[in-house]
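Colleague:
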């Protein structure tokens, strides 16, 4: 009984995810679902990414948080559409939440929607929300042993951004070991080593994102 | 229907948690449930805590991970009972898992059980597992804005350990702001500022833990 219901929840979510994707596709909008642990720098990365993306495409953001509108407020200065979803305790965004948020977005006037998921390395990876790509942000401070411990987030990712590389010299982390283990779980996703805070290593990442956006809207 | 089932799951868990606690109490065993985001240093903290605790009490560890036995292996050198639970995708430990793990522990010969939960700042806080105290480990690298964004983990904690203080000088983090916000969500839990990696600030933490263990076994 229990298992059946959980399956139903995932099925209902998957159907809504497909509906969302159809609508995004019809508008030629590239959608990415950004996932990570809490405090790995998703919003800081967006603060450095949006000004670059904005030059060449029309972008909106959906911010997912359990509580507060803090992340949305940090993007205020960019003068782009930002919708904040508060899950009120929920550990991940689901497709129904995105369907609601889409109603508040000017879809006809957009090339890309960046969705920042709830900070959680486990649950968000199980729920498709209508995205073209899942993107994993991983802080180097989380160590070199996590891909095998949290495999779904790594396996599902269309791109992986290793953030806070400026802190690497002060952490006990073996970057070669981390890269090798990521490769064992996902050998197709491009890997970007950046420091969002310092603004370093970002050009390959924003180039990749722009190429994805431009391929979709073409 | 859906809501009813979720309520049942929590009720069943709560009953099992009470059963677990009765058994731990009957043996005078102090039990703590250690929670945090992935990579905040729970296992490293245990590696520095266990040698001190072990001097004065008989301690066992239950390690919770989605996959791998890596964390359990890191505690091998201490020659104490360690049980590894793999949730196989599950985002938190529940009381039934602990009931199973208890069967593998020599309860008659223990004063304390330290349970390391799955790395997740959201879901573990919702499930009691038979513990006396929930303990939140928080890495300073996660920033100063998280208590209001993830309130349950902070509110529920009987003690809060801020780890990786050695990295604070390299992060854009306002420690006074963080302390103030923690205090708004929990003004009773003691707050320990430590670097598990460097071994600094640990004495007040291990003293607190030992006093809890000794109060219970008395």
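Chains as they are written, first to last, in my numbering: chain A, 7 to 224; chain B, 7 to 224. Ideal Cβ placement from N, Cα and C applies to all residues, glycine included.
With 8 Å set as the bound, which would you pick, yes or no: does the beta-carbon of residue 44 of chain A sit closer than that to a beta-carbon of chain B?
Modeller: Locating residue 44 of chain A in the first chain gives position 38, counting from the first residue. Against chain B, the CB of residue 44 of chain A has a partner CB under 8 Å away; the residue lies at that interface.
Colleague: Would you kindly work out how many angstroms separate the C-alpha atoms of residue 7 of chain B and residue 203 of chain B, rounded to a whole number?
Modeller: As a working mapping, residue 7 of chain B is identified with position 1 in the second chain. As a working mapping, residue 203 of chain B is identified with position 197 in the second chain. Residue placement at residue 7 of chain B cannot be trusted, given a pLDDT of 46 that sits under 50; what the coordinates show is reported in the next sentence. So the two alpha carbons sit approximately 48 Å from each other.
Colleague: Are the region 197–213 of chain A and the region 83–103 of chain A touching by the rule of at least three beta carbon pairs closer than 8 Å?
Modeller: no
Colleague: If you draw a straight line from the C-alpha of residue 62 of chain B to the C-alpha of residue 141 of chain B, how long is it?
Modeller: On the second chain, position 56 is the one that residue 62 of chain B refers to. On the second chain, position 135 is the one that residue 141 of chain B refers to. Those two C-alpha atoms are separated by around 20 Å.
Colleague: What residues in the region 140–159 of chain B have a beta carbon less than 8 Å from any beta carbon of chain A?
Modeller: 145, 147, 148, 149, 151, 152, 154, 155, 156, 157 and 158
Colleague: How about residue 183 of chain A: is its C-beta nearer than 8 Å to some C-beta of chain B?
Modeller: Working through the first chain from its first residue, we reach residue 183 of chain A at position 177. Residue 183 of chain A does not count as touching chain B.
Colleague: Taking residue 111 of chain A and residue 130 of chain A to be in contact with their CB atoms under 8 Å, please state how far apart those CB atoms are, rounded to whole angstroms.
Modeller: Here the question's residue 111 of chain A lines up with position 105 in the first chain. Here the question's residue 130 of chain A lines up with position 124 in the first chain. Your pair residue 111 of chain A and residue 130 of chain A does not check out as a contact, with CB atoms roughly 20 Å apart and the cut at 8 Å.
Colleague: Taking Cβ to Cβ, would you say residue 173 of chain B is nearer than 8 Å to residue 147 of chain A?
Modeller: Counted from its first residue, the second chain places residue 173 of chain B at position 167. Counted from its first residue, the first chain places residue 147 of chain A at position 141. Yes, the pair counts as a contact, with Cβ atoms nearer than the cut-off.
Colleague: Using a Cβ cut-off of 8 Å, pull out every chain A residue sitting near residue 170 of chain B, in sequence order please.
Modeller: Taking the second chain and counting its residues from 1, one reaches residue 170 of chain B at position 164. Within 8 Å of the CB of residue 170 of chain B, the CB atoms of chain A belong to 147, in sequence order along the chain.
Colleague: Along the chain, where does the beta strand (DSSP E) that runs through residue 163 of chain B open and close?
Modeller: By one-based count along the second chain, residue 163 of chain B stands at place 157. Note, residue 163 of chain B: premise wrong, no beta strand (DSSP E); not H, not E.
Colleague: Please classify residue 7 of chain B: does DSSP put it in a helix, a strand, or coil?
Modeller: Indexing the second chain from 1 puts residue 7 of chain B at position 1. Note that residue 7 of chain B has pLDDT 46, beneath the 50 cutoff, so the model's placement of it is unreliable and no number is given.
Colleague: At least one CB of chain A closer than 8 Å to the CB of residue 71 of chain B: is that the case?
Modeller: For the purposes of this step, residue 71 of chain B is identified with residue 65 of the second chain, where counting begins at 1. Interface residue, yes.
Colleague: Just checking my contact of residue 53 of chain A with residue 80 of chain A at CB under 8 Å: how many whole Å lie between their CB atoms?
Modeller: Here residue 53 of chain A refers to the residue found at position 47 of the first chain. Here residue 80 of chain A refers to the residue found at position 74 of the first chain. Contact between residue 53 of chain A and residue 80 of chain A is confirmed by a C-beta separation of about 6 Å, below the 8 Å threshold.
Colleague: Mark residue 186 of chain B as exposed unless 16 or more other C-beta atoms lie within 10 angstroms of its C-beta, in which case mark it buried.
Modeller: Sequence index remark: in the second chain, residue 186 of chain B carries index 180 (1-based). Residue 186 of chain B is exposed by the Cβ-count criterion.
Colleague: Please check if any C-beta of chain A sits within less than 8 Å of the C-beta of residue 161 of chain B.
Modeller: What you label residue 161 of chain B is simply residue 155 of the second chain in a count that begins at 1. Chain A contact via Cβ: absent.
Colleague: Rank B:124, B:224 and B:114 by C-alpha distance to the C-alpha of residue 39 of chain B and give the top, closest one.
Modeller: Mapped onto the second chain, residue 39 of chain B falls at position 33. Ranking the options by Cα distance to residue 39 of chain B, first place goes to B:124.
Colleague: Which of helix, strand or coil does DSSP assign to residue 90 of chain A?
Modeller: Translated into positions along the first chain, residue 90 of chain A becomes position 84. Looking at residue 90 of chain A - three-state DSSP - the assignment turns out to be strand.
Colleague: Whole angstroms are fine: how far does the CA of residue 48 of chain A sit from the CA of residue 165 of chain A?
Modeller: The residue labelled residue 165 of chain A in the question sits at position 159 within the first chain. The residue labelled residue 48 of chain A in the question sits at position 42 within the first chain. Each residue's Cα considered, the two are about 14 Å apart.
Colleague: Does any residue of chain B have a CB that is nearer than 8 Å to the CB of residue 203 of chain A?
Modeller: Counting from one through the first chain, the residue named residue 203 of chain A turns up at place 197. Output row for residue 203 of chain A: interface = yes.
Colleague: Using the C-alpha atoms, what's the distance from residue 222 of chain A back to residue 137 of chain A?
Modeller: Walking along the first chain from the start, residue 137 of chain A turns up at place 131. Walking along the first chain from the start, residue 222 of chain A turns up at place 216. So the two alpha carbons sit approximately 12 Å from each other.
Colleague: Please state the DSSP three-state secondary structure of residue 71 of chain B.
Modeller: Against the second chain, residue 71 of chain B aligns to sequence position 65. Correct three-state label for residue 71 of chain B: strand.
Colleague: Taking only beta-carbon positions, decide if residue 3 of chain A is within less than 8 Å of chain B.
Modeller: No answer is possible for residue 3 of chain A: the residues shown for chain A start at 7 and end at 224.
Colleague: Along chain A, in chain order, which residues have C-beta atoms closer than 7 Å to that of residue 74 of chain B?
Modeller: Taking the second chain and counting its residues from 1, one reaches residue 74 of chain B at position 68. The contacting residues are 154 and 155.
Colleague: Can you find a CB in chain A that lies within less than 8 Å of the CB of residue 90 of chain B?
Modeller: Here the question's residue 90 of chain B lines up with position 84 in the second chain. Closer than 8 Å: no.
Colleague: Excluding the 5 residues flanking residue 66 of chain B on each side, which residues of the same chain have their C-beta closer than 8 Å to its C-beta?
Modeller: Here residue 66 of chain B is taken as the residue at index 60 of the second chain, counted from 1. If we look at residue 66 of chain B and ignore the five residues flanking it on each side, its Cβ neighbours are 86, 87, 88, 89, 111, 112, 116, 118, 119 and 120.
Colleague: Assuming residue 156 of chain B and residue 127 of chain B form a contact by the criterion Cβ under 8 Å, report the distance between their Cβ atoms to the nearest whole angstrom.
Modeller: Within the second chain, residue 156 of chain B is the residue found at index 150, counting from 1. Within the second chain, residue 127 of chain B is the residue found at index 121, counting from 1. 5 Å between Cβ atoms; contact.
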